[in-house]
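Enquirer: One structure, as structure tokens, below. Some questions next.
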Amino acid sequence: MSNKEQIAIDVRGAVKRYGDFTALKKISLSIMDNEFFTLLGPSGCGKTTLLRMIAGFEDVTEGAIFLYGDEIENLPPYERPVNTVFQNYALFPHMTILDNVAFGLEMRGASKADARTRAGEMLELVQLSQFSARKPSQLSGGQQQRVALARALAPKPKVLLLDEPLSALDLKLRKAMQLELKHLQRETGITFIFVTHDQEEALTMSDRIAVMSAGEMQQLGSPTDIYERPRNMFVADFIGETNLLEVSVDNIAEGRAVCHLGGGHELTCNEVEGIGVGSKVHLSIRPERLFMSDEPAEGESLKGRVKENIFVGTDITTIVDLADGPDFIVRTSNSDRGNKRIFEPGTEMYVNMELGAARLLVD
Amino acid sequence: MAAGAASGGSATTDTYKEARTWLLLPAWVTLTILTLAPVGMMLIYSFLTKEFRGGVIWEFSLAAYDQFFFDRGLFGDDPAKIEWTYILIFWRSIWQAGAATILSLVIGFPTAYFIATRPESQRPIWVFLITIPYWVNLLIRTVSMKFLLRDNGPFNDFLLSIGLIDSPITIVNTNFAVQLGLFYSYLPFMVLPIYAAVERYNFSLSEAAADLYATKWVALRRILLPAVKPGVIAGCILVFVPSMGSFLAPDLLGGAKNFMIGSLIEEQFKGNAGNWPFGAAASMILLTMVLILLMAYARQQAKAENAEG
């Protein structure tokens with residue numbers, strides 16, 4: 001079954017309308033077998049709607065969904081071999097932890113004894129065996145989360161759907177659970193579809209990410225793709241921190257575009273298809289790709305004055321005021337302080353970068 | 364007042380205490396004068412001697428209870444035999460009230476579920492609609508029901524006209540008519556608590572059940588029902604208990620053959636022919652029975668919870 005090229009979930013032209021409102025505008029995407037796939041976007045972007053359509057809780061207005069080649073969009077949820085980890089866990093309050101985990105197995109025809117044995121093994125996997133006789137209300141949020149995970153994994157689904165499962169946990173626990181989930185996915189070999197609005201979480205865990213906004217897919221790619229090569233302004237702005245600058249393209253030659261920033265500043269970056277000379281577009285530069293110096297670099301360089309330094313633990317964020325131009329954010333890692341200089345506020349300096357650090361965006 | 368309590372000394376504390384006493388007064392009045400006192404009076408009356416024109420003679424007597432359980436012949440000097448008449452009436456009351464409760468549950472549960480699953484803005488309208496018939500006096504409703512259901516009434520006419528039956532079915536003066544009357548009298552008491560419970564129910568639990576391969580029916584039985592059980596039980600108690608002691612529906616719809624405990628008690632206090640101590644004793648026996656049933660249920664519930672926890 002673990003054929004790398006096999007498509008686990010194939011969404012073909014899926015549309016979801018509620019009356020006049022269109023929640024999903026013709027989404028098509030293929031999620032591969034054994035993949036950790038993330039639907040990422042702000043609230044209301046349609047990511048949860050898409051997940052619920054795969055689970056069977058929402059009708060598909062138009063289009064089709066295939067699960068390992070079988071068309072499933074008209075099947076009720078209880079006939080789809082996928083399981084869900086719900087945002088609020090949705091554990092059955094009147095059942096013990098063990099019975100919660102055994103429920104799906106029992107429904108699939110396992111005897112009560114078999115179901116409980118399997119459920120016990122699942123609880124061992126998430127290290128909650130000692131709580132099997134308790135009720136959900138007697139467990140902490142993190143523990144309930146792991147029960148929900150065990151319950152959804154117990155019937156060995158073909159695809160596991162996770163609807164913002166970590167959003168209710170505190171930061172530390174969330175980080176630990178991110179790793180645990182990633183390991184669990186590798187161990188079980190089950191395809192995970194993960195919904196989140198947290199871009200950092202998505203970057204950490206996913207094999208591939210679909211960035212969504214306003215019912216449309218903005219970009220589909222690996223975490224590196226999406227972070228390094230955002231396709232449009234929404235993706236660049238939503239993923240990570242970035243300097244978004246309005247520029248006009250002055251000249252294009254040999255694959256390089258010369259952009260005018262205003263205030264006499266100029267930057268050269270790689271040409272992007274669809275952007276011609278004279279267009280007014282946006283340019284994105286990640287703050288960690290910049291470094292500060294007394295002297296202009298051979299590559300790209302902008303003159304400015306330090307406005308403020310902000311200490312954020314692992315990094316120092318410097319706000320730079322370009323002469324007659326926009327403000328810039330420069331991030332210097334604390335571990336890099338030997339190589340990179342931090343200037344006092346008010347100091348005149350240069351913001352330098354490699355060619356290619358700046359990226360033109362299709363709006 | 365909070366600021367006063369923070370800054371002031373014992374004076375404010377005293378004022379606060381005094382206010383609390385006064386504010387609690389309505390609760391105490393309700394509990395003592397309106398609840399415990401009448402029951403206490405009833406208890407005392409049941410142990411007094413009857414006065415023939417109604418009322419009581421203040422003399423201790425067990426005659427009322429004796430009359431309920433034992434038959435000592437016309438002149439009261441035969442050897443005591445068990446008196447079945449009243450026990451039978453009692454048994455019939457339980458049976459009739461039970462049937463009415465089940466009927467209310469079967470109709471009331473889907474109704475409550477329906478209302479609770481409407482969009483939030485529509486729910487108050489549905490609840491309002493459920494209660495509208497109850498603005499009409501119970502007596503009028505019950506009499507109307509008798510007219511609707513009698514042999515040549517509109518209900519039979521309708522069934523005859525559509526050809527479902529060839530001759531009128533007799534409903535009035537049967538057990539079923541009484542059950543129907545009780546059901547209609549107390550239906551909102553079933554619908555409202557169940558509605559409140561279903562409205563509070565987290566429907567993502569049903570989604571989780573469906574996700575874990577439970578069909579709709581199984582999800583209802585194994586997940587929804589246990590979650591709304593307190594509402595269902597409250598509804599059953601609220602219908603069963605008043606049905607037990609009801610006398611309007613049995614009197615008007617049941618006729619003489621389908622006498623229930625409520626009518627028996629009613630007769631003892633009506634006009635000059637009554638027997639107050641006997642009526643009081645029957646009331647006390649009814650009260651005791653209901654209490655025993657409720658306590659047995661509560662105990663069984665506590666046991667079940669302990670066994671699970």
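As they're listed, the protein sequences go chains V and D.
Final position of the first sequence in the numbering used here is 363; the numbers increase by one with none missing.
Final position of the second sequence in the numbering used here is 672; the numbers increase by one with none missing.
Ideal placement from N, C-alpha and C gives every residue a C-beta, glycine not left out.
On a predicted model such as this, the values are computed, not experimentally measured, just so you know.
Using only the alpha-carbon positions, how far apart do Glu273 (chain V) and Pro223 (chain V) sit?
Expert: Indexing the first sequence from 1 puts residue 273 (chain V) at position 273. Indexing the first sequence from 1 puts residue 223 (chain V) at position 223. Rounded to the nearest angstrom, the two C-alpha atoms are 22 Å apart.
Enquirer: DSSP has Ser333 (chain V) in a bridge; who is on the other side?
Expert: Taking the first residue of the first sequence as 1, we reach residue 333 (chain V) at position 333. In DSSP, Ser333 (chain V) forms a bridge with V:Asp315.
Enquirer: Quick check: the region 444 to 464 of chain D against the region 534 to 550 of chain D, are there 3 or more CB pairs under 8 Å?
Expert: Judged by Cβ distances under 8 Å, the region 444 to 464 of chain D makes contact with the region 534 to 550 of chain D, as three or more pairs qualify.
Enquirer: Going straight from the alpha carbon of Arg12 (chain V) to that of Glu201 (chain V), what length do you get?
Expert: In the first sequence, the residue the question calls residue 12 (chain V) occupies position 12. In the first sequence, the residue the question calls residue 201 (chain V) occupies position 201. Straight-line Cα distance between these residues: approximately 27 Å.
Enquirer: Please list, in chain order, all residues of the same chain as Asp237 (chain V) whose beta carbon is under 7 Å from its beta carbon, the five residues on each side excluded.
Expert: In the first sequence, the residue the question calls residue 237 (chain V) occupies position 237. If we look at Asp237 (chain V) and ignore the five residues flanking it on each side, its Cβ neighbours are Leu244.
Enquirer: Across which residues does DSSP place Thr268 (chain V) in a beta bridge pair?
Expert: Indexing the first sequence from 1 puts residue 268 (chain V) at position 268. Paired residues: V:Val258.
Enquirer: Counting beta carbon pairs with one atom in the region 100 to 116 of chain V and one in the region 66 to 73 of chain V, are three or more of them shorter than 8 Å?
Expert: With a cut-off of 8 Å, the region 100 to 116 of chain V and the region 66 to 73 of chain V do not count as touching, because too few Cβ pairs lie within range.
Enquirer: Does any residue of chain D have a CB that is nearer than 8 Å to the CB of Arg118 (chain V)?
Expert: To locate residue 118 (chain V), count along the first sequence from 1; it is residue 118. No, its Cβ sits nowhere closer than 8 Å to a Cβ of chain D.
Enquirer: According to DSSP, Gln219 (chain V) sits in a beta bridge with which residue or residues?
Expert: If you number the first sequence from 1, residue 219 (chain V) lands on position 219. DSSP, once it has assigned bridges, lists V:Val211 as partnering Gln219 (chain V).
Enquirer: So what does DSSP say about Gln664 (chain D), is it helix, strand or coil?
Expert: Position 301 of the second sequence, counted from the start, is the residue given in the question as residue 664 (chain D). Residue state, collapsed to three classes: helix.
Enquirer: Taking the continuous alpha helix (DSSP H) assigned at Glu348 (chain V), which residues delimit it?
Expert: Here the question's residue 348 (chain V) lines up with position 348 in the first sequence. Careful: Glu348 (chain V) lies outside any alpha helix (DSSP H), inside the beta strand (DSSP E) at 348 to 353.
Enquirer: Beta strand (DSSP E) containing Tyr18 (chain V): first to last residue?
Expert: Counted from its first residue, the first sequence places residue 18 (chain V) at position 18. 7 to 18 is the extent of the beta strand (DSSP E) around Tyr18 (chain V).
Enquirer: Considering Glu164 (chain V), what are the terminal residues of the beta strand (DSSP E) in which it resides?
Expert: By one-based count along the first sequence, residue 164 (chain V) stands at place 164. Run containing Glu164 (chain V): none; DSSP gives neither H nor E here.
Enquirer: Please compile the residues from chain V whose C-beta is within a distance smaller than 9 Å of the C-beta of Ala718 (chain D).
Expert: This structure cannot settle anything about residue 718 (chain D), because the visible part of chain D is limited to 364 through 672.
Enquirer: Give me the DSSP bridge partner(s) of Ile193 (chain V).
Expert: Here residue 193 (chain V) corresponds to residue number 193 of the first sequence, with the count starting at 1. Answer is V:Phe37, V:Leu161, bridged to Ile193 (chain V).
Enquirer: According to DSSP, simplified to helix, strand and coil, what is Asp434 (chain D)?
Expert: Taking the second sequence and counting its residues from 1, one reaches residue 434 (chain D) at position 71. Looking at Asp434 (chain D) - three-state DSSP - the assignment turns out to be strand.
Enquirer: Listed from N- to C-terminal order along the chain, which residues in the region 95 to 129 of chain V have their beta-carbon within a distance smaller than 8 Å of any beta-carbon of chain D?
Expert: From the region 95 to 129 of chain V, only Thr96, Phe103, Gly104, Met107, Arg108 have a Cβ closer than 8 Å to chain D.
Enquirer: Buried or exposed: where does Leu386 (chain D) fall if 16 or more other Cβ atoms within 10 Å of its Cβ makes it buried?
Expert: Position 23 of the second sequence, counted from the start, is the residue given in the question as residue 386 (chain D). It is exposed - the Cβ of Leu386 (chain D) has fewer than 16 other Cβ atoms within 10 Å.
Enquirer: Could you tell me the boundaries of the beta strand (DSSP E) in which His183 (chain V) lies?
Expert: On the first sequence, residue 183 (chain V) is found 183 positions in, with the first residue counted as 1. Not the beta strand (DSSP E): His183 (chain V) falls in the alpha helix (DSSP H), residues 171 to 188.
Enquirer: Specify, as a first and last residue, the run of the beta strand (DSSP E) that Met292 (chain V) falls within.
Expert: In the first sequence, residue 292 (chain V) corresponds to position 292, counting from 1. Taken as a continuous stretch (DSSP letters only), the beta strand (DSSP E) holding Met292 (chain V) covers 291 to 293.
Enquirer: Between the region 473 to 491 of chain D and the region 602 to 609 of chain D, do at least 3 Cβ pairs fall closer than 8 Å?
Expert: With the cut-off at 8 Å, the region 473 to 491 of chain D and the region 602 to 609 of chain D do not touch.
Enquirer: Taking Tyr78 (chain V) as the query, report the chain D residues whose CB atoms sit under 7 Å from its CB, ordered along the chain.
Expert: Position 78 of the first sequence, counted from the start, is the residue given in the question as residue 78 (chain V). Per Cβ cutoff of 7 Å: Ala573, Tyr576, Ala577, Thr578.
Enquirer: Sorted by chain position, which residues of the same chain lie with C-beta nearer than 7 Å to Gly263 (chain V)'s C-beta, five sequence neighbours on each side aside?
Expert: Your numbering for residue 263 (chain V) matches position 263 in the first sequence. Counting only Cβ-Cβ distances below 7 Å, and skipping sequence neighbours, we find Leu322, Ala323, Asp324, Gly325.
Enquirer: Measure the CB-CB distance between Asp514 (chain D) and Thr533 (chain D) and report whether it falls below 8 Å.
Expert: Here the question's residue 514 (chain D) lines up with position 151 in the second sequence. Here the question's residue 533 (chain D) lines up with position 170 in the second sequence. Closer than 8 Å, so yes.
Enquirer: Would Ala612 (chain D) be called buried (16 or more neighbouring beta carbons within 10 Å of its own) or exposed?
Expert: Stepping through the second sequence from its first residue, residue 612 (chain D) is reached at position 249. Ala612 (chain D) comes out buried.
Enquirer: Determine the burial state of Gln398 (chain V): buried for a count of at least 16 other Cβ atoms within 10 Å of its Cβ, exposed for fewer.
Expert: Beyond the ends of chain V as shown, which are 1 and 363, falls residue 398 (chain V); an answer cannot be given.
Enquirer: Let me know the secondary structure DSSP gives Ala357 (chain V) once reduced to three states.
Expert: Residue 357 (chain V) sits at position 357 when you count from the first residue of the first sequence. In this structure, Ala357 (chain V) counts as coil in the three-state DSSP scheme.
Enquirer: Distance check for Gln145 (chain V) and Leu171 (chain V), CA to CA, integer angstroms please.
Expert: The residue labelled residue 171 (chain V) in the question sits at position 171 within the first sequence. The residue labelled residue 145 (chain V) in the question sits at position 145 within the first sequence. Between Leu171 (chain V) and Gln145 (chain V), the C-alpha separation is close to 14 Å.
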